[in-house]
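Read the structure below first, then the notes.
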Amino acid sequence: MVDLSAKIGDLVLQNPVMVASGTFGYASESADLFDLNQLGGIVTKSISLNPRAGNPPPRIFEVAAGMLNSIGLANVGVEAFIAEKLPFLRSLQTRIIVNIAGGTAEEFVRVVEHLEDESGIAAYELNYSCPNVREGGLEFSQDPSVTQKVTAQVRRVTGRPVIAKLTPNVTRVSTIARAARDGGADAVSLINTLVGLAIDTETRRPRIYAGKAGYSGPAIKPVALAKVFEVAQEVDIPIIGIGGIFSSNDALEFLIAGASVIQIGTANFVDPTTGIRVIKGIERYCAEHELPACAELVGSLRPWCDNDTSS
Amino acid sequence: MQKSNEASPAGSRGIFDCRVLSITHFSNQIYSLRLSCPDIAQKAEPGQFVNLKVNQDLFPILRRPFSISQVNQSDGWIEVVWKIVGVGTELMSRLRTGQVVSVLGPLGNGFTIDPDAENAVLVAGGLGVAPFPYLFERLVAMHRRVRVFLGARTGSELVLTQGFSRGNADVELATEDGSVGFRGLVTGPLVTFLDKTEHLDSVQLFACGPTPFLNAMCEIAKKYQVKCQISLETTMACGFGICVGCPVRTADNGKRFMLTCVDGPVFEAGKVALHG
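Here the protein sequences come in this chain order: Y and L.
Here the working numbering runs 77 ahead of the position in the first sequence, where the first position is 1.
Here the working numbering runs 740 ahead of the position in the second sequence, where the first position is 1.
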């Protein structure tokens, strides 16, 4: 028996495979397709203080080995989330992580305050790719001082684990990860989507209504792995690895690069049961390599050396 | 055929590995595919759709949604029809008998047949004919009087016309170039029909096709005060509500959105605001 359990601070998961925010709705959409309780965790859509209608179409466009999206954080708002979505999520045995969106630090805090008295929430993941309305639309995790300040403000109002989800659209993501840790984050998840653009040459319009959009899918996996590895080397904080994971081998790469946990994103749109395949594949790999626990893989990347005679 | 995920509970929609029974090339890059899929054949309602993935590669990576065109429950197959518009549909056109396709479905809300509407009128623009053979069969089985108006740019794009031969239905054809049937838009013969129909409260329209055509259908339904259901086509990723990528504006103020995949693809005319 392989021990698949994973830890992020005090948060213990039955396996290291979560589904990523914005790629699994509120989970009930997939409930008849497979047993959701097999997942290590479910991260909800980003929840904001007030309901958001989201962007006009087109919101998505397929590109090479991935897709662009700009949904505009469409969600029911925290009150309707508690009344209509949380009861189902609470009934599951897997860990529920609520992803939170805000336009200001206060909005992040207020959403957390709404959720604090609700049971069935294992952790919060803060969507720091939201545009900061006070900073001219700069994403929260594009400025380390803002990242640290918002994290610290959320930290003050909750005892639950706080995960900072970071944008890759910065010069050095480890600087931002350190700021999140210094603000009191228990873990960081990365990467959110890369900024991308596609153009219809007939109309000369962007393929996405909002213009710029988030690039996700297999194309971004090497970028994500490099960012995860960088943070693992530079900052002493648990990492949740995200970016183009479609197979268990993809997931294993992230674990070896230094992620304790991984999230499946875009792959859910193609096959919502991807997480189950990935869990089984990780277990099989560990058994074949005589690893008693998959946690032993985390950060186990071996460097090349000149006199290394092993395979 | 085999359910690709053993963890799926039985008796609902699912993801199925389905064998290609046949592929038909009509003309002008229009094809149809018959897939062995007993589970979906059992459950599918007219107007529902399936989301297909025909390759294992990274591009194209997303599934492609198609109306369920025809169903045979006893033989356990479904059919879809498409025109080549990009890499996904081009790849589909190269499928061969015996190959396996991943099918997610049945998805979405199908047509709602009004219990009081004795006269069903099916109106298609181009490949909007796709969901109608199955709807037609259902209406005939319900002993409805069915009238079919099929339009296309040119005669070679008028496909599936043989699907409406049962139950002595009236089928009227229209082409923009006049190569077959009425010369002009399909809404022309429809309006002529409505003008000479006395009991419009017994009529229910079903429309599927390009957005300008659907807008025209909504106008006609409003002018003649006729019940009308429209089936929409949009870009989709997942097909069941998790990507939130297929919004359609509500008609009330145009500021809210519904999702084509889970709130549609069939909507009551006048409930949504279509653009483009």
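Just so it is clear, CB atoms sit at the ideal spot from N, CA and C, and this is done for glycine as well.
Asked	Found
Would you say residue 296/Y reaches chain L, if we count a Cβ-Cβ gap shorter than 9 Å as a contact?	yes
Which residue or residues does DSSP assign as beta-bridge partners of residue 948/L?	864/L and 971/L
Between residue 921/L and residue 914/L, which are expected to be in contact by the criterion C-beta below 8 Å, what is the C-beta distance as a whole number of angstroms?	5 Å
Can we say the segment 332-345 of chain Y touches the segment 97-111 of chain Y, given the rule of at least three CB pairs closer than 8 Å?	yes
Quick one: what does DSSP say residue 299/Y is sitting in, helix, strand or coil?	helix
Find the residues of chain L that neighbour residue 178/Y, judging by a C-beta separation of less than 8 Å, and give them in chain order.	Residues of chain L passing the Cβ test: none, with the nearest at roughly 14 Å.
Tell me where the beta strand (DSSP E) around residue 806/L begins and ends.	804-807
Flag residue 798/L as yes if its beta-carbon sits less than 9 Å from any beta-carbon of chain Y, otherwise no.	yes
Using CA atoms only, rank isn't needed, just tell me which of 351/Y, 122/Y, 197/Y and 225/Y is closest to residue 326/Y.	351/Y
Is the CB-CB distance between residue 257/Y and residue 224/Y below 9 Å?	yes
Note down, in chain order, every chain L residue with its Cβ under 7 Å from the Cβ of residue 107/Y.	982
Apart from the five residues just before and just after residue 827/L, which ones in its own chain have a Cβ nearer than 6 Å to its Cβ?	800
In chain order, what residues of the same chain have a beta carbon less than 6 Å from the beta carbon of residue 209/Y, not counting five sequence neighbours either side?	215 and 217
Anything in the segment 298-327 of chain Y with a Cβ closer than 7 Å to a Cβ of chain C? List those residues in chain order, please.	Considering every chain present, this structure includes no chain C. Its protein chains are Y and L.
Could you tell me the distance, in whole angstroms, from the CA atom of residue 1012/L to the CA atom of residue 998/L?	8 Å
Does residue 777/L come within less than 9 Å of chain Y when only Cβ atoms are used?	no
Taking CB distances under 9 Å as the criterion, tell me whether residue 410/Y reaches chain L.	What is shown of chain Y runs 78 to 388, which leaves residue 410/Y out entirely.
Contact check, residue 985/L vs residue 137/Y under 8 Å by CB: the rounded distance?	4 Å
Note down, in chain order, each residue of its chain lying with its Cβ closer than 8 Å to the Cβ of residue 128/Y, except the 5 sequence neighbours on either side.	152, 153, 154 and 157
Assess contact between the segment 973-988 of chain L and the segment 134-149 of chain Y, defined as three or more Cβ pairs (one per stretch) separated by less than 8 Å. Is contact present?	yes
Would you identify the three-state DSSP class for residue 254/Y, choosing helix, strand or coil?	helix
From the beta carbon of residue 898/L, is the nearest beta carbon of chain Y less than 9 Å away?	no
So, under 8 Å CB-CB, residue 872/L and residue 1006/L are touching, yes? Tell me the CB distance rounded to an integer number of Å.	Actually they do not touch by this definition, with Cβ atoms about 12 Å apart.
Quick check on residue 122/Y - is its C-beta less than 9 Å from some C-beta in chain L?	yes
For the candidate residues 861/L, 835/L and 929/L, whose alpha-carbon lies nearest to that of residue 968/L?	861/L
Any Cβ of chain Y within less than 9 Å of the Cβ of residue 802/L?	yes
Grab me the residues of residue 371/Y's own chain with a C-beta within less than 6 Å of its C-beta, minus the 5 sequence neighbours each way, in chain order.	81, 359 and 363
Within 10 angstroms of the Cβ of residue 93/Y, are there 16 or more other Cβ atoms? Answer buried if so, exposed if not.	buried
State yes or no: is the beta carbon of residue 758/L nearer than 9 Å to at least one beta carbon in chain Y?	no
May I ask which residues mark the beginning and end of the beta strand (DSSP E) holding residue 769/L?	Segment: none, residue 769/L is in no beta strand (DSSP E) and carries neither H nor E.
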